[in-house]
Structure formats: C-alpha cells, structure tokens
Amino acid sequence: MYKEHFKKLLKHRSSFIGITILSILILGAIVCPMLTKATYYETHLALKNKAPCLEHLFGTDELGRSMFARIWWGARISLFIGITAALIDMVIGVFYGAFSGLMGGKIDDIMMRIVDVFQAIPNLLMVILLMVILGQGIFTIIIAMTITGWLNMARIVRAQILSLKNQDFVTAAYGIGASHLWILTKHLIPSCSGSIITTVTLTIPAAIFTEAFLSFLGLGVQAPIASWGTMASDGLSALSYFPWRLFFPAFFISITMLAFNLLGDGLRDIFDPRFRS
Amino acid sequence: MQEQAIPDEILRSLYSYYGLDQPLHVQYMKYMKGLISFDFGPSFIHEGRTTNDIIKEGFPISFALGSLALIASITVGIFLGTIAALFKTKWQDTAAMIAAVIGMSVPSFILATILQYVFGMKMRLFPIARCESFAHMILPALALSAFPTAFIARLTRANIIEVLDKDYILTAYAKGLSTESTIFNHVMKNSLLPVVSYLGTLTASILTGSFVVEKIFGIPGLGGWFVSSIANRDYTIIMGLTVFYCLIVNITNFVADLLYFFMDPRIRSEYKDRAYV
Chain A
1 MYKEHFKKLL
11 KHRSSFIGIT
21 ILSILILGAI
31 VCPMLTKATY
41 YETHLALKNK
51 APCLEHLFGT
61 DELGRSMFAR
71 IWWGARISLF
81 IGITAALIDM
91 VIGVFYGAFS
101 GLMGGKIDDI
111 MMRIVDVFQA
121 IPNLLMVILL
131 MVILGQGIFT
141 IIIAMTITGW
151 LNMARIVRAQ
161 ILSLKNQDFV
171 TAAYGIGASH
181 LWILTKHLIP
191 SCSGSIITTV
201 TLTIPAAIFT
211 EAFLSFLGLG
221 VQAPIASWGT
231 MASDGLSALS
241 YFPWRLFFPA
251 FFISITMLAF
261 NLLGDGLRDI
271 FDPRFRS
Chain S
1001 MQEQAIPDEI
1011 LRSLYSYYGL
1021 DQPLHVQYMK
1031 YMKGLISFDF
1041 GPSFIHEGRT
1051 TNDIIKEGFP
1061 ISFALGSLAL
1071 IASITVGIFL
1081 GTIAALFKTK
1091 WQDTAAMIAA
1101 VIGMSVPSFI
1111 LATILQYVFG
1121 MKMRLFPIAR
1131 CESFAHMILP
1141 ALALSAFPTA
1151 FIARLTRANI
1161 IEVLDKDYIL
1171 TAYAKGLSTE
1181 STIFNHVMKN
1191 SLLPVVSYLG
1201 TLTASILTGS
1211 FVVEKIFGIP
1221 GLGGWFVSSI
1231 ANRDYTIIMG
1241 LTVFYCLIVN
1251 ITNFVADLLY
1261 FFMDPRIRSE
1271 YKDRAYV
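Chain order of the listed sequences is A and S.
Position 250 of the first sequence, counted from 1, bears residue number 250 in the numbering used here, the numbering being contiguous throughout.
Position 211 of the second sequence, counted from 1, bears residue number 1211 in the numbering used here, the numbering being contiguous throughout.
The structure is reproduced here in structure tokens:
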C-alpha cells in the first residue's frame, strides 16, 4: 500500500520536485561537510569577506570562515531541528488528539478547552517568550517549539477519530472484545495515517522557519554553531557590500521550505480527496 | 570605569518605585490589578517611561502598517485565488499557484531584506528605511503581506473549486443566469465566507511578521519595541506587549466569529436549533 502511494507521489509534479530538492539537500548535508577541508568554526582573518570563487564556492564571512562549510553544517542543524520538532509534535499531538476523540464527552471537552487556551496566544509569540526564559541553544529551541507545536496535530487527529470511531469496523472490534488501546493503535491511528503524514510534512517547514526567525532575532543557536537563520542575520548588516553573505542562507531557507511545502501539497492531494484536482 | 555603590536610601526608593520591595505575591496581585485597568507598569530599562507610553506611541504606526498589509493581502489573495479556480489546470492556475507556494515558502524577514536591497538600494524606487510617508510603508507592507496573500489565494481557490461542484450552481445555470452573475452571486458569496474565519490567524501572522520587518526597515512601531525589549530583557514591556498582542488577536478572532455568524445564515439557524434542544 505504501509502495503504491510512493509511486503516486513520484508521478505528482509538485511532490516530485519537492522530493528531488529534499534528496539533494539531505545528501548535501551528509556529504558536503566531509568533502571540504574548511570547518564552520575555523577563522582566517586574511580571507575575510571574499566573494564566491572556485576555492570558496559561497564566499567567506567577516571572520574568513568558509560559507560553503557553514551552509552545509547549517543544513544539518536546521534540518535536525525541523525534523525532530515535527516528530515530537507528532507523538504528543497524535496521542492527545486520539485519546480526546476516543473518550469523548467531558474528558474531550476539558482536553480541547486546554488546547483552546494554548491557541489563544499566537504561536511565535509563545515560542519567543519561552526562549527568553529557557535561554539559547539547539535543544531549548526544540523544547520551546514543541510546547505549543502539537496543538494543530491534536486537533486534526481528534477530528479524524471523531468521524471514524462510530464506523462499523470499530464497533466490530469492540464486539470481539478489543480494548480501547488496541483499537486506538491497531485501527484508529493507522486509519488517519494519511493526514498525520501530511501534517508532519507541513510542520517541518514551519519549524525550520521558526528556528530561522528566532536566530534572526538573536534568540537562536549560539556561535560558533551556525544555523541558516544566524547566518542570514549576520549577513543582513553587510548586505550593501557583501550581498552573498545574506543570499546563500536566504536561498537555502527558502528552497528547503519550498521543497517541504511542495511535498506536503502532493501528500494532501493523494490522501485528502477534497483537495484532489 | 568602576561602578559606584548606590547609597542605601536611593536603592530603597528605587525598589519601592518599581514595587520590588514587596513580597512576590503582593507584586503579582498589584500587577494583576494593573492589568485590569490596562496599566502595564513602568519600563525597567527606559527611565521614566511606562509600557502604556510605548503602546500609545508605537501602536498607531504598527496598526497603519498592519491594516495596509491585511487589506492588500485580502484583495490580491482573493483575486489570485479566483483566477486560479476559474482557469483550473490552465496556465493562469499554474502561474498563480506557483506564486502562492513561493509566497508561502519565503520567510517575511528574507523577503523584506530582498525588497529593501533591490527596490531601495539598487533601483532607488522607494525609501530604504524609517516611516515618514506612505511611500515608506509600501515595501514593509509588501513583505508582511506575502504569506497571508498566498494563504488566502490557496484557500479561495480550494473553496471556489468545491463550490463550483455543488448542485445549487447547476441550478443557477439551469435558471438561465449568466456566468458572471452566477459567479458573483452564488460562487463568490459561498466561497469567501471561510476566508473570514481565518482573519484571526492572518492578523497573528502579520503581527509576528512585524517583529522582524519593523526591525529591518527601522520603523518605530510596536514590533521593533518588542524585539529590542527582548534583547534588553525589559520584562515589564515584554509582558505588557504580549498581553496587548494576545488581546488584539483574540478581539480579531471574536469579531471574525461574529461576522461569520451574521454573514452565514446556515450557522445562524444551527445555533437557533441548538438553543431549543
């Protein structure tokens, strides 16, 4: 069944483009840091602010660090943060939403009102406040993002479970004496795997964006570790003289988000018949 | 220069000015009492200024910029989405949807710097920074409106395609109505309603976008204040602005819900039925 979906994805134009870009990016993030001698932290003051050339493909920054090495190290960090945050969101959101939907009644009411309270505060604002309290670092970013990030997933899964739980196959499973947990893990959650996969794919670019946004504000990962957001923020001050220092990180942030969005669109077309065109 | 020890009396009077000499629960109650009467307390960093002064000063600017972006994104987004849906699978559709997915993928802070660089520095069409006339607002408003525009365009397209399949559209054509009057009176009315329910989400996105866009363009609005008070750890201002932002987003959500209720007779009747049950 999954093989069939994958074939459909490759045939879908936008998701094919998305998968191609993502494969290149992931391959680059694994291979490129090994290929170059330059590291993301080594400084060469004599070589500062060099324009892109054969030796330094993407130029150098104000401390003479190779932008090529920094971009691909940044790819590892940005992708790691995005994917980890999205997966944690998925685990919390799926179980919260599924439990709430399956239980129904008062429990559902209370659990969903808690979600409402969290959602009254704009997501990015909440993450910024948490970063002020938690301090900077890769893992604090992931924690701050996942504290509010699971709400969307919980809502989507709950809605799906609500429409599924009164169907005959669930009643039949109860009839043979299956437990709530069994029905949840063997019947209900697999049945909404389509929308779960789609939501995860669309959460990743949002998480990458949030990380870049935080780093741009100076709340993200700290030097010498570089994410694309910190590089873009550094490049901003030198925009009028050394535009490549902003161009490369900006390009990679945008192309990564584009690839995930395209893939997510394709997944939604395949799994959700309402959007099929 | 060595820091001078502060005389005891001055220290004590400073503490009592900021209310720091009281026990925590008293401070908390005092802050809460202030909140009810919209008094967010004095700034810890900027001498003699209160959070209320800053809101009074910055909000009109941010409000003008934000509403410009919101109006622009609603008109352009609905226009693009309608074109795409009516020319479904033709080149107009493809072009509009490519523009929309790019608009959703390029973060506002990157778009803002690119616009500033290309139209401000290189082509000198628009002023680069500050906020003195309408021309100063155009570039920042463009940067802020890209994401909402793309979002509305996709939403409108999906809605119109869904409505076009409905039986009542067939009825309208069968009655002998012209294409124009069917689209304006039947299709648009039904497909634009869901856009209203996203007003709150859009406001939140423009609001958080303003943090970086105002910083990049040097606009003395609330977003810029929020970012600089994070950097200064000016806690009363951070708290005050957060509460203020949440208030705005929640008011918008509330107004959107009310509008939806009054504009869609189906929802009104649903509520009426519920009241009698």
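Glycine included, every Cβ here is placed at the ideal spot set by N, Cα and C.
Assign residue i to buried or exposed, taking buried as 16 or more other Cβ atoms, counted over all protein chains shown, within 10 Å of its Cβ.
i: lysine 1166(S); result: exposed
i: lysine 3(A); result: exposed
i: glycine 149(A); result: buried
i: tryptophan 72(A); result: buried
i: asparagine 166(A); result: exposed
i: glutamate 1214(S); result: buried
i: serine 1105(S); result: buried
i: glycine 295(A); result: Because chain A is modelled from 1 through 277, residue 295(A) falls outside the range shown and cannot be assessed.
i: leucine 1241(S); result: buried
i: histidine 12(A); result: buried
i: cysteine 53(A); result: exposed
i: isoleucine 1006(S); result: exposed
i: leucine 1014(S); result: exposed
i: arginine 268(A); result: buried
i: aspartate 168(A); result: exposed
i: aspartate 318(A); result: Only positions 1 to 277 of chain A appear in this structure, which leaves residue 318(A) out of reach.
i: isoleucine 196(A); result: buried
i: proline 1060(S); result: exposed
Where does residue i sit, in a helix, a strand or coil, going by DSSP?
i: serine 1037(S); result: coil
i: threonine 84(A); result: helix
i: glycine 1240(S); result: helix
i: threonine 1050(S); result: strand
i: threonine 60(A); result: strand
i: proline 224(A); result: coil
i: phenylalanine 275(A); result: With a pLDDT of only 49 at phenylalanine 275(A), under the threshold of 50, the placement of this residue in the model should not be trusted; the figure read from the coordinates follows. Reduced to three states, the DSSP call for phenylalanine 275(A) is helix.
i: serine 1043(S); result: coil
i: serine 237(A); result: helix
i: isoleucine 66(A); result: With the sequence shown as reference, residue 66(A) is identified as serine, and isoleucine is not the correct amino acid for it. If DSSP states are grouped into helix, strand and coil, serine 66(A) belongs with the strands.
i: cysteine 1131(S); result: coil
i: arginine 158(A); result: helix
i: serine 179(A); result: coil
i: threonine 1201(S); result: helix
i: valine 1277(S); result: With a pLDDT of only 41 at valine 1277(S), under 50, the local geometry of the prediction cannot be trusted, and no value is derived from it.
i: threonine 36(A); result: coil
i: valine 200(A); result: helix
i: glutamine 136(A); result: coil
i: valine 91(A); result: helix
i: arginine 1157(S); result: helix
i: glycine 1221(S); result: coil
i: valine 170(A); result: helix
i: serine 1145(S); result: helix
i: asparagine 1190(S); result: helix
Out of the options, state which residue places its alpha-carbon closest to the alpha-carbon of residue i.
i: phenylalanine 1151(S); options: Trp72(A), Asp265(A), Pro33(A); result: Asp265(A)
i: threonine 1053(S); options: Gly1221(S), Thr1252(S), Ala1172(S); result: For the sequence presented, residue 1053(S) should be read as aspartate rather than threonine. Minimum Cα distance to aspartate 1053(S) is reached at Gly1221(S).
i: asparagine 1190(S); options: Ala1084(S), Pro1107(S), Tyr1015(S), Met1263(S); result: Met1263(S)
i: tyrosine 1017(S); options: Cys1246(S), Gly1176(S), Met1097(S), Phe1044(S); result: Phe1044(S)
i: isoleucine 189(A); options: Arg268(A), Met90(A), Val115(A), Leu267(A); result: Met90(A)
i: phenylalanine 997(S); options: Ser1210(S), Thr1236(S), Ser1229(S); result: Nothing about residue 997(S) can be read from this structure; chain S reaches only from 1001 to 1277.
i: isoleucine 26(A); options: His5(A), Val94(A), Gly82(A), Gly101(A); result: Gly82(A)
i: serine 163(A); options: Lys7(A), Gly101(A), Met112(A); result: Gly101(A)
i: leucine 214(A); options: Thr198(A), Ser78(A), Thr36(A), Met34(A); result: Ser78(A)
i: threonine 203(A); options: Thr146(A), Ile21(A), Gln119(A), Ile270(A); result: Thr146(A)
i: isoleucine 1055(S); options: Ser1229(S), Phe1261(S), Asp1008(S); result: Ser1229(S)
i: methionine 1123(S); options: Trp244(A), Phe248(A), Ile133(A), Ser240(A); result: Ser240(A)
i: isoleucine 1238(S); options: Leu9(A), Val132(A), Lys50(A), Ala69(A); result: Val132(A)
i: alanine 1095(S); options: Ala29(A), Ser14(A), Ala85(A), Trp244(A); result: Ser14(A)
i: glycine 220(A); options: Asn152(A), Ile142(A), Lys48(A); result: Ile142(A)
Mind checking whether the beta-carbon of residue i lies closer than 7 Å to any heavy atom of the ligand NAD?
i: phenylalanine 1038(S); result: Inclusion of the ligand NAD in the displayed structure is not the case, the ligand content being empty and no account of it being possible.
For the stretch 1073-1106 of chain S, enumerate the residues whose C-beta is nearer than 8 Å to any C-beta of chain A, in chain order. Lys1088, Thr1089, Val1101, Ile1102, Met1104, Ser1105, Val1106
Closer than 8 Å, Cβ to any Cβ of chain A: which residues of the stretch 1232-1252 of chain S, in chain order? Arg1233, Ile1238, Thr1242, Tyr1245, Cys1246, Val1249, Asn1250
Meets three-Cβ-pair contact criterion under 8 Å: the stretch 1200-1213 of chain S and the stretch 1243-1259 of chain S: yes
Does the stretch 1078-1088 of chain S come into contact with the stretch 1155-1164 of chain S, if we say contact requires no fewer than three beta-carbon pairs (one atom in each stretch) closer than 8 Å? yes
Counting pairs of beta carbons, one from the stretch 1131-1143 of chain S and one from the stretch 1167-1186 of chain S, are three or more of them closer than 8 Å? no
Quick one, which residues of the stretch 111-130 of chain A are near chain S if we go by CB-CB under 8 Å, in chain order? Ala120, Ile121, Pro122, Asn123, Leu124, Leu125, Ile128, Leu129
With 8 Å as the limit, tell me which residues of the stretch 190-222 of chain A have their beta carbon closer than that to any beta carbon of chain S; keep them in chain order. Pro205, Phe209, Ala212, Phe213, Phe216, Leu217, Gly218, Leu219
Given a limit of 9 Å on CB to CB distance, which residues of the stretch 255-268 of chain A reach chain S? Ile255, Thr256, Met257, Leu258, Ala259, Phe260, Asn261, Leu262, Asp265
Should the stretch 106-114 of chain A be called in touch with the stretch 221-233 of chain A, which here means at least 3 C-beta pairs below 8 Å? no
Should the stretch 1181-1195 of chain S be called in touch with the stretch 1067-1084 of chain S, which here means at least 3 C-beta pairs below 8 Å? yes
At least 3 beta-carbon pairs within less than 8 Å: the stretch 246-263 of chain A vs the stretch 1090-1105 of chain S: yes
Check each residue of the stretch 232-248 of chain A: if its Cβ is closer than 8 Å to any Cβ of chain S, include it; give the result in chain order. Ala232, Leu236, Leu239, Ser240, Pro243, Leu246
Tell me whether the stretch 91-98 of chain A and the stretch 155-162 of chain A touch, counting them as touching only if at least three CB pairs, one residue from each stretch, are closer than 8 Å. yes
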